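Residue numbers (this note's numbering): 313 to 465.
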């Protein structure tokens, strides 16, 4: 092989190695982005899971407080028992209705976030595989090329 052909071979290999380095860099960046997305979705999932778990307790607590306030008002206010009873029923039904709606919204959100978390985990795993593949290809290209160039004795 003459010097010009050898030089062109080295340039082609350098170009191939540089393309593999760019591919590896892109794979590492994609893996970082996927991990960041997974972390963000997991944070939202924790928040909405807490909302979902606490909503029934909050609604029941508010309804119990409304019953206690209604009983106190009934015993304190003379003659207004019917009005206080109706207001107490509204005060009990309001938190329970709002609690049920919030619970349904939170349940739907949690289900969607669990699905997003699963997708984000898959993206992280695929990105990790792509990074390992790019690193292996780069290593093979570099080692293989220089192994062919070493003189054999």
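Glycine included, C-beta positions come from ideal geometry on N, C-alpha and C. Given the structure is predicted, the values throughout are model-derived calculations rather than measurements.
Beta-carbon proximity check, residue i vs residue j, cutoff 8 Å
i, j, result
"residue 385", "residue 429", "no"
"residue 360", "residue 410", "no"
"residue 443", "residue 363", "no"
"residue 439", "residue 317", "no"
"residue 329", "residue 453", "yes"
"residue 378", "residue 403", "yes"
Cα-Cα separation, residue i to residue j
i, j, result
"residue 334", "residue 350", "24 Å"
"residue 325", "residue 348", "34 Å"
"residue 332", "residue 425", "35 Å"
"residue 387", "residue 433", "58 Å"
"residue 376", "residue 352", "36 Å"
"residue 371", "residue 449", "58 Å"
"residue 451", "residue 431", "30 Å"
"residue 412", "residue 380", "21 Å"
"residue 336", "residue 416", "44 Å"
Contact test: residue i Cβ vs the ligand COA heavy atom, cutoff 7 Å
i, result
"residue 434", "No copy of the ligand COA appears in this structure; indeed no ligand is present at all."
Of the residues the options, the one placed nearest residue i, counting alpha carbons only
i, options, result
"residue 366", "383, 408, 403, 426", "408"
"residue 427", "321, 337, 354", "354"
"residue 382", "368, 400, 375, 405", "400"
"residue 414", "337, 346, 368", "368"
"residue 344", "455, 371, 441", "441"
"residue 374", "416, 406, 337", "406"
Expected contact under 8 Å - CB spacing of residue i and residue j to nearest Å
i, j, result
"residue 435", "residue 346", "4 Å"
Which residue spans inside the region 376-454 form an unbroken alpha helix (DSSP H) run of at least 4? Taking only runs of at least 4 residues, no alpha helix (DSSP H) segment lies wholly in the region 376-454.
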